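Worksheet: one structure, shown below.
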Amino acid sequence: MAKKPSPKMGTEAAIDKKLAPQPENAKTESLAAHTADAAGEIMNTNTGLPINDDQNSLKAGDRGPTLMDDFIFREKMTHFDHERIPERVVHARGSGAHGVFKVYKPLAEYTKAAFLNDTEVETPVFVRFSTVAGSRGSTDLARDVRGFATKFYTTEGNFDLVGNNIPVFFIQDAIKFPDLVHAVKPEPDNEIPQAASAHDTFWDFISLMPESAHMIMWTMSDRAIPRSYRMMEGFGVHTFRLINDEGKASFVKFHWKPLLGVHSVAWDEAQNISGKDPDFHRRDLWDAIESGAYPEYELGLQIIPEEDEFKYDFDLLDSTKLVPEELVPVQRVGKLTLNRNPDNFFAETEQIAYHIGHVVPGIDFTNDPLLQGRLFSYTDTQLTRLGGPNFQEIPINRPIVPVHNNQRDGFMRQTINKGKTSYSPNSLGNNDPQQVPESAGGFVSYRERIDARKERMRNKSFFDHFSQARLFFNSQSDPEKNHIIDALTFELGKVKTVAIRERMLGILAQIEKSLATQVAYGLGLHLPEVLPTNQSIPADGNPADYQSIQVEGALSMSPALSMANTVKDSIKSRKIAILTADGVDAESLTIVKDTLTAQGAVVEVIAPRQGFVTAIDDTQIAVDHSFLTAASVLFDAVYVAGGTNAVATLEAEANAVHFLNEAFKHCKPIAAAEDAMQVIDVTYFSKKLPPDFSEESVLKEGILIGKANKDFATLLVKMIAQHRFWEREKPRLIPA
Ligand code: HDD
């Protein structure tokens, strides 16, 4: 028998150490049975044979060919050769986490779903966030929609809320989904570009598809470049149904509201992060959970009584429309906390299979044609991706309740079903497993009355393509509007075919003339005189039946749509850089570091070289990064500590000056101890400093220079909580 290896030593052991508690729940406990930990164990083959030599293959002589009878080599190599599975056809790039959901108060009035009625129950969840267009290894910071998929492991089976961070979608009917995805994915001849919508095929499709207008406003806004998965909203998008115990239905829109608020990065910053740290969002999520800064979101419901189905000037079944929060307020009904990282990315995050059709009693579908098509696609795609019909047996996909039915066999079947009967009805097996009456929790589809002709049609109520696009644009703050104009100018500027650019200008002109004019200016084009119409018309369709319509009296402003109105009350888990060098005034560094850390921020010291810096008083302060390994785009704010020699070094250090210039450019909070002014003096923004550093100026302009004491640090906290000072972009004097 091979000997047990010696236990791990020193730093190797430390790498495995979790910093914060990683709580267990019913789901993580169920995964334990499938979990292997090699710590302190011997190495063996898949058949359990102890391995003596994993370094050398079996050869005919020590310089001879490898022998066919090296079954140990063959087993290892065969497994390796088959390690990869197809990536998801969309949402391939993602990151996941375990957590729990708890409802605040019973929602029996609306739904009989058990997990939405028991305030004592913590329902285990697994959430996967994703980008849509890029491949598995693409950057997190692409301009893209983010997926926000939640699997609730409830006592009545799994409920999946498979949503996005944007409340509407590009298309109204699922039959267009393959076209949309073919258009946005890399172009088929040269597979360029990766994880980007800025190319001809995407805008070609969009320019012919006026129903995408609303979604395009969202994807060209800063919502498509979030600061963190922890700082973005989630939406179920479709209108779903809730059903209560009496069978009464209400329409519902699902929301996730992040407690840290909704925040984004700048586009230039996003592009930089993609190079400096393409795993930025993945790392942010992982690190936050490891350090105990658990991401939290409240579940929000917009409930619409069934009687109000036709009350609005848009159709509740149209996924290119949202229900403005000003018309139907979002009730916050429960909290999701992500508190545990997966043990194994592939086994959990990659193999999890979500499906909008995984519902529990009390939640049901509507006839939204996008939702209906999704009901088919999600199981179907897993058959290829996960290799057959038994994917629900993969540990991460199993419900926490036992499963009994008459489905059998297939590739990789895990369950050993006992007994002779695998059919129903049967008399040989007591007719087990038994069907469940509705009164005992059996799922019964909502008894909706349908009386219709079969036809390939869309109702006219789906044809107001521009009112909500305009509502979104007009509800943005000025900086947000500028970002949309910049994004469109960038994306269309990358389109080679001028006719596509012009057609898009025609679409934009129908949303908002000023928007279209500004984009046209950037592209060096004029607005087209004839505006494009809907081209997605069936062969025998009458174009007149597919015209966009304009609904009179539509809402003109919705403050809830602007991120400028989000909560800005916390610096928890924000990353702050302190720039310094040898000769630092230790007090000016520690007072700021301690105050920010006490508020939950992550503070890192950056200096010309790694190791430590020696302060004036000879104390040594640990350095987290050198300027070589750090970059301003990876931080939320920057502070320059004092000390004559330290600031003299920084003044001459081009990387330190660049760090500050970039932070200014990206509208981030910047602070400096008063004796560090000489470093600020060599930045290009030294001429644009606020007239004074009163609290009012500081919270308006995001720059603070002063004596580094407690009051200074406290004001800095307030400044960082503001996230960004976008107004600073106005003069547009900042070099790229
Ligand atoms: Fe989808 C994955 C969200 C429309 C077909 N979708 C997928 C994921 C999310 C969404 C978050 C990733 C799940 C994960 O992390 O594993 N999809 C949406 C939303 C939509 C939407 C919010 C519009 C409201 N999707 C949509 C349509 C279809 C699909 C119209 C097809 C008819 N989606 C898929 C898919 C994927 C998928 C091909 C790829 C991987 C997977 O399902 O498991 O079936």
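Position in the sequence shown counted from 1, then plus 119, gives you my numbering.
Even for Gly, the Cβ is constructed at its ideal location relative to N, Cα and C.
Since this is a predicted model, take the numbers as computed values, not measurements.
With distances taken between CB atoms, is the gap from Phe585 to Ile656 smaller than 7 Å? no
Completely contained beta strand (DSSP E) runs for the segment 719-785, where each covers 3 or more residues: 721-726, 730-733, 739-742, 756-759
Are the beta-carbon atoms of Lys615 and Asp319 separated by less than 7 Å? yes
What are the residues that DSSP puts in a beta bridge with Gly643? The partner list for Gly643 (beta bridge, DSSP) is empty, contrary to what the question assumes.
Determine the direct distance from the alpha carbon of Ser340 to that of Asn486, and round the result to whole angstroms. 29 Å
Run through the DSSP bridge pairs and tell me what Val281 is partnered with. Ala268
Entirely enclosed alpha helix (DSSP H) segments - the segment 568-631, minimum 4 residues: 586-593, 597-612, 617-630
Could you compute how far the alpha carbon of Glu814 sits from the alpha carbon of Ala792? 16 Å
Less than 6 Å between the CB of His645 and some heavy atom of ligand 1, yes or no? no
Which of the three DSSP states, helix, strand or coil, is assigned to Ala700? coil
Are the segment 437-456 and the segment 188-197 touching, with three or more C-beta to C-beta distances below 8 Å? no
CA-to-CA distance, Glu706 to Gln797, given in whole angstroms: 19 Å
Using the three-state DSSP reduction, which class does Val649 fall into: helix, strand or coil? coil
Spell out a yes or no on whether the segment 426-434 and the segment 554-570 are touching, meaning 3 or more CB-CB pairs, one atom from each, closer than 8 Å. no
For ligand 1, is there a heavy atom less than 6 Å away from the beta-carbon of Leu489? yes
Closer than 7 Å to chain D by CB, Gln313: Although the question refers to chain D, the structure presented lacks it and comprises just one protein chain.
At which residue ranges does the segment 167-234 contain complete beta strand (DSSP E) runs of 3 or more residues, listed in the order of the chain? 213-222
What first and last residue would you give for the alpha helix (DSSP H) that runs through Lys849? It is not in any alpha helix (DSSP H) - Lys849 carries neither H nor E in the DSSP assignment.
Enclosing alpha helix (DSSP H) for Phe97 [first to last residue]: Residue 97 is absent from the structure shown; the chain starts at 120 and stops at 855.
Contact under 7 Å by Cβ, Ala618 with Leu627: no
For the segment 278-289 and the segment 335-352, state whether three or more C-beta atom pairs, one from each stretch, are separated by less than 8 Å. yes
Can you check DSSP and say which residues form a bridge with Lys694? Val721
Residues that DSSP places opposite Pro345 in a beta bridge: Ser383
Quick check on the DSSP output: the beta strand (DSSP E) that includes Ser249 runs from which residue to which? 242-250
Using the DSSP secondary-structure output, state which residues sit across from Arg360 in a beta bridge. Phe370, Asp483
Would you mind sorting Arg255 into buried or exposed? The rule is 16 or more other CB atoms within 10 Å of its CB. exposed
Who are the near neighbours of Lys613 in its chain, counting only those whose CB is closer than 7 Å to its CB and skipping five residues on each side? Ala317, His318
Residue environment, Ser249, which counts as buried when at least 16 other CB atoms sit within 10 Å: buried
When you compare only the Cα positions, how much space is there between Ile170 and Asp462? 25 Å
Selected residue, minimal CA-CA separation from Met336, among Val264, Ala268, Phe359, Ser369: Val264
Output yes or no for whether 7 Å exceeds the beta carbon distance between Thr439 and Glu275. no
Can we say the segment 691-706 touches the segment 724-737, given the rule of at least three CB pairs closer than 8 Å? yes
So Asp406 and Lys231 are supposed to be a Cβ contact under 8 Å. How far apart are they, rounded? No, Asp406 and Lys231 are not in contact; Cβ-Cβ is about 39 Å, not under 8 Å.
Backbone CA spacing between Ala734 and Ala741 [nearest angstrom]: 11 Å
Proximity winner among Leu715, Met196, Leu823, relative to Ser805 (alpha-carbon distances): Leu823
Give the secondary structure of Arg561 by DSSP, where H, G and I count as helix, E and B as strand, and everything else as coil. It is worth fixing the name first, because residue 561 is Gly in this sequence and not Arg. Residue state, collapsed to three classes: coil.
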